[in-house]
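*Asks:* Sharing a structure with you now.
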Amino acid sequence: MSSLNLLHLANFHSTNIGNGALVSGLESTLEEDLRRPINWSREPWDDYTFRKLDFDQTFVDKVNSSDGLIVGGAVTFNGRDYNNRTGTRFELPLELWDQVRKPVVFYGLSYRHWPGKTYHHIDKLKATIERILESKNMVLALRNDGTREWLKKLIGIDSPKIFEVPDSAVFVKGEPQDYPEIVPGMKNIIVSFNDEDASERYSRPTPGNFQANRERIVRIMIDTLEKLADRYPVNIILCPHYFDDFKMMSAFIEGMRPRLAHQNMVATGLARVKDTGWFYGRYMSADLAISMRVHSMSPCIGLGTPMVALTTQDRMTDFISRLELDHQAVDAFSAKAAEDLYTKAVHTLDNPAQVKADFKRARAMMREQTRQFHQGLAE
Numbered sequence: 001m002s003s004l005n006l007l008h009l010a011n012f013h014s015t016n017i018g019n020g021a022l023v024s025g026l027e028s029t030l031e032e033d034l035r036r037p038i039n040w041s042r043e044p045w046d047d048y049t050f051r052k053l054d055f056d057q058t059f060v061d062k063v064n065s066s067d068g069l070i071v072g073g074a075v076t077f078n079g080r081d082y083n084n085r086t087g088t089r090f091e092l093p094l095e096l097w098d099q100v101r102k103p104v105v106f107y108g109l110s111y112r113h114w115p116g117k118t119y120h121h122i123d124k125l126k127a128t129i130e131r132i133l134e135s136k137n138m139v140l141a142l143r144n145d146g147t148r149e150w151l152k153k154l155i156g157i158d159s160p161k162i163f164e165v166p167d168s169a170v171f172v173k174g175e176p177q178d179y180p181e182i183v184p185g186m187k188n189i190i191v192s193f194n195d196e197d198a199s200e201r202y203s204r205p206t207p208g209n210f211q212a213n214r215e216r217i218v219r220i221m222i223d224t225l226e227k228l229a230d231r232y233p234v235n236i237i238l239c240p241h242y243f244d245d246f247k248m249m250s251a252f253i254e255g256m257r258p259r260l261a262h263q264n265m266v267a268t269g270l271a272r273v274k275d276t277g278w279f280y281g282r283y284m285s286a287d288l289a290i291s292m293r294v295h296s297m298s299p300c301i302g303l304g305t306p307m308v309a310l311t312t313q314d315r316m317t318d319f320i321s322r323l324e325l326d327h328q329a330v331d332a333f334s335a336k337a338a339e340d341l342y343t344k345a346v347h348t349l350d351n352p353a354q355v356k357a358d359f360k361r362a363r364a365m366m367r368e369q370t371r372q373f374h375q376g377l378a379e
């Protein structure tokens, strides 16, 4: 078959490694399922977000010179006041949409918008979604993390033309190799914190006192890791996914027993999208991940890394509930969070084969859903 020339809009210049997981999983599965060569032209969405580039006629020309556009599954609906053209991060002015002659696939779009916060330009968002659904050459597919239900509640739109697809980060390609952080003979535990949007993320259960809630969660992590260190020979690997995470890491380190911090703990640095395989290869060598980040949680399921998710937002709990993996998650705001996190971490370390089997089942289900969606695109 002839090759396809696809333009892929994604956060290629980001140092938030979750974007790399999305790119890796999307491109690799699409290549497998279409069974034809794909020549990727990679367009940095984050350059448009930070106004280094603009969604203008030049962008339309790039789309029309390809065989189609894939708008990768990053956070697209965030309600920021500067997204005044479409109410989304895909800021192509609606007056230019009729000039797009090639297929456009909005692939696995997600949201990050906190309850009680204003969604700016909600009228533009509604007009944009209606425009996509009316188009004959566009497909709208939302991530399987509750985005569809959130969108319906926000703007009252639901349609059989809206597809749901698994988070493509589940299918990230890790490249296992020797990592100096991994210590043979010990329980290697990766910890991914999340201090992004802290004032909103940690506003429940006591709004207006997010600092106290945040400190409680840090204390839960400290107590859990110290108890695990009393039970097993542990090697703790702090694994930030973005700069925000360093703030919570610092608070965690300050509260840990000095001996553990000095002798049983290391930290990694950040990685760029091009280093995605290397970054997630480290996860493949771990005995346990305690995941507060979405793209620590979902890649673990795909890679078969035993994991417990410490959830702080609905799109994490919605995602893991759909997979019937609630037993591998703990609500960070629960009164029993400390007890539950330790208990589930112990169970996961003691029963890795069972956890991996559960993850393998969930991955297979999502892979089949992805394959079916890709067959529809091919047709």
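So in the numbering used here, spot 87 of the sequence shown is number 87, and the numbers just go up one at a time.
Backbone N, C-alpha and C define an ideal beta-carbon position, used for all residues, glycine too.
Since the model is a prediction, treat every value here as computed from it, not as a measurement.
In angstroms, rounded to a whole number, what distance separates the CA positions of THR224 and LYS344?
*Replies:* Locating residue 224 in the sequence shown gives position 224, counting from the first residue. Locating residue 344 in the sequence shown gives position 344, counting from the first residue. So the two alpha carbons sit approximately 10 Å from each other.
*Asks:* Tell me which same chain residues have a C-beta within less than 8 Å of the C-beta of TYR202, skipping the five on either side of it?
*Replies:* Working through the sequence shown from its first residue, we reach residue 202 at position 202. The answer, listed in chain order, is PHE210, GLN211, ASN213, ARG214, ILE217, THR312.
*Asks:* Less than 8 Å separating the beta-carbons of LEU96 and TYR119?
*Replies:* Start at 1 with the first residue of the sequence shown, and residue 96 comes out as number 96. Start at 1 with the first residue of the sequence shown, and residue 119 comes out as number 119. No; because the gap between Cβ atoms is not below 8 Å, this pair is not in contact.
*Asks:* Mark PRO306 as exposed unless 16 or more other C-beta atoms lie within 10 angstroms of its C-beta, in which case mark it buried.
*Replies:* As a position in the sequence shown, residue 306 is number 306, starting the count at 1. The residue is buried, with at least 16 neighbouring Cβ atoms inside 10 Å.
*Asks:* Please classify ASN39: is it buried, with 16 or more other beta-carbons within 10 angstroms of its beta-carbon, or exposed?
*Replies:* Locating residue 39 in the sequence shown gives position 39, where the first residue counts as 1. Exposed, since its Cβ has fewer than 16 Cβ neighbours within 10 Å.
*Asks:* Cα separation between PHE246 and ALA289?
*Replies:* The residue you call residue 246 lines up with position 246 of the sequence shown. The residue you call residue 289 lines up with position 289 of the sequence shown. The straight-line gap from Cα to Cα measures roughly 17 Å.
*Asks:* Is the beta carbon of LYS360 less than 8 Å from the beta carbon of GLY281?
*Replies:* Residue numbering aside, residue 360 sits at position 360 when the sequence shown is read from its first letter. Residue numbering aside, residue 281 sits at position 281 when the sequence shown is read from its first letter. In this structure, GLY281 does not lie closer than 8 Å to LYS360 by Cβ.
*Asks:* So the candidates are SER168, LEU310, ASP350, SER291; which of them puts its Cα closest to the Cα of PRO365?
*Replies:* Stepping through the sequence shown from its first residue, residue 365 is reached at position 365. Strictly speaking, residue 365 in this sequence is Met, with Pro absent from that position. Answer by Cα proximity: SER168.
*Asks:* Between the stretch 268-282 and the stretch 152-166, are three or more C-beta pairs nearer than 8 Å?
*Replies:* As far as the Cβ criterion goes, the stretch 268-282 does not touch the stretch 152-166, which means the pair count is below three.
*Asks:* What three-state label does DSSP hand ASP275 in the structure shown?
*Replies:* Translated into the one-based positions of the sequence shown, residue 275 becomes position 275. Of the three classes helix, strand and coil, the one that applies to ASP275 here is helix, per DSSP.
*Asks:* Under 8 Å by Cβ, that's how I've got ASP326 and ASP145 pegged, so tell me the actual separation to the nearest angstrom.
*Replies:* Within the sequence shown, the letter at position 326 stands for residue 326. Within the sequence shown, the letter at position 145 stands for residue 145. At roughly 14 Å, the Cβ-Cβ gap does not stay under 8 Å, so ASP326 and ASP145 are not in contact.
*Asks:* Leaving aside the five residues before and after GLU196 along the sequence, list all residues of the same chain whose C-beta is less than 6 Å from its C-beta, in chain order.
*Replies:* Indexing the sequence shown from 1 puts residue 196 at position 196. Cβ neighbours of GLU196 beyond the five flanking positions: ASP244.
*Asks:* Could you name the residues that DSSP lists as bridge partners for ASN78?
*Replies:* Your numbering for residue 78 matches position 78 in the sequence shown. Its beta-bridge partners do not exist; DSSP assigns none.
*Asks:* Taking one C-beta from the stretch 22-41 and one from the stretch 175-190 each time, how about it: are there three or more such pairs within less than 8 Å?
*Replies:* Flag = no, the stretch 22-41 and the stretch 175-190 do not touch.
*Asks:* Quick one: residues in its chain with C-beta nearer than 6 Å to the C-beta of GLN328, no 5 flanking neighbours on either side, listed in chain order?
*Replies:* The sequence position of residue 328 within the sequence shown is 328, counting from 1. The residues are VAL308.
*Asks:* Using the rule of at least 16 other Cβ atoms within 10 Å of the residue's Cβ for burial, across every protein chain shown, is ASN84 buried or exposed?
*Replies:* Position 84 of the sequence shown, counted from the first residue, corresponds to residue 84. It counts as exposed.
*Asks:* Classify THR311 as helix, strand or coil using the three-state DSSP reduction.
*Replies:* Numbered from 1 along the sequence shown, position 311 holds the residue referred to as residue 311. In this structure, THR311 counts as strand in the three-state DSSP scheme.
*Asks:* Between which residues of its own chain and TYR111 is the CB-CB distance below 6 Å, once the five residues before and five after are set aside?
*Replies:* On the sequence shown, residue 111 is found 111 positions in, with the first residue counted as 1. Once the five neighbours on either side are set aside, the close Cβ partners of TYR111 are PHE77, THR147, TRP150.
*Asks:* What is the DSSP secondary structure of TYR179, reduced to helix, strand or coil?
*Replies:* Start at 1 with the first residue of the sequence shown, and residue 179 comes out as number 179. Reduced to three states, the DSSP call for TYR179 is coil.
*Asks:* Under the rule that 16 or more other beta-carbon atoms within 10 Å means buried, what is ASN351, buried or exposed?
*Replies:* Working through the sequence shown from its first residue, we reach residue 351 at position 351. Exposed: under 16 other Cβ atoms inside 10 Å.
*Asks:* Less than 8 Å between the CB atoms is what I'm expecting for PHE252 and GLY25, so what's the real figure, rounded?
*Replies:* In the sequence shown, the residue the question calls residue 252 occupies position 252. In the sequence shown, the residue the question calls residue 25 occupies position 25. With 8 Å as the limit, PHE252 and GLY25 do not qualify as a contact, their Cβ atoms being about 29 Å apart.
*Asks:* For SER250, which option in ALA267, GLU379, ALA353 has the closest C-alpha, if you only look at C-alpha atoms?
*Replies:* On the sequence shown, position 250 is the one that residue 250 refers to. If we check each option's Cα against that of SER250, ALA267 comes out closest.
*Asks:* Can you list, in chain order, the residues of its chain whose CB lies under 7 Å from that of ARG131, leaving out five sequence neighbours each side?
*Replies:* As a first step, residue 131 must be located in the sequence shown, where it is residue number 131. Counting only Cβ-Cβ distances below 7 Å, and skipping sequence neighbours, we find LEU94, TRP97.
*Asks:* Using the DSSP secondary-structure output, state which residues sit across from TYR8 in a beta bridge.
*Replies:* Stepping through the sequence shown from its first residue, residue 8 is reached at position 8. The amino acid at residue 8 is misidentified as Tyr; the sequence shows His. Note: HIS8 sits in a beta bridge opposite ARG42, ILE70.
*Asks:* Can you tell me which residues form a DSSP beta bridge with ASN213?
*Replies:* The sequence position of residue 213 within the sequence shown is 213, counting from 1. Answer is none; ASN213 lacks a bridge partner.
*Asks:* Measure the beta-carbon distance from PHE50 to LEU92 and round it to whole angstroms, keeping in mind my assumption that it falls under 8 Å.
*Replies:* Start at 1 with the first residue of the sequence shown, and residue 50 comes out as number 50. Start at 1 with the first residue of the sequence shown, and residue 92 comes out as number 92. Not a contact, Cβ separation roughly 16 Å.
*Asks:* Mind checking which residues open and close the beta strand (DSSP E) that includes SER285?
*Replies:* To locate residue 285, count along the sequence shown from 1; it is residue 285. Note, SER285: premise wrong, no beta strand (DSSP E); not H, not E.
*Asks:* HIS121: buried (16+ other C-beta within 10 angstroms of its C-beta) or exposed?
*Replies:* What you label residue 121 is simply residue 121 of the sequence shown in a count that begins at 1. That one is buried.
*Asks:* Where does the unbroken beta strand (DSSP E) through ASP331 begin, and where does it stop?
*Replies:* In the sequence shown, counting from the first residue as 1, residue 331 sits at position 331. Counting along the chain, the beta strand (DSSP E) containing ASP331 begins and ends at 329-331.
*Asks:* So what's MET138 in DSSP terms, helix, strand or just coil?
*Replies:* Counting from 1 along the sequence shown, the entry for residue 138 is found at position 138. Of the three classes helix, strand and coil, the one that applies to MET138 here is strand, per DSSP.
*Asks:* Do TYR107 and ILE70 count as a contact pair if the criterion is CB distance below 8 Å?
*Replies:* As a first step, residue 70 must be located in the sequence shown, where it is residue number 70. As a first step, residue 107 must be located in the sequence shown, where it is residue number 107. Result yes, Cβ atoms of ILE70 and TYR107 sit closer than 8 Å.
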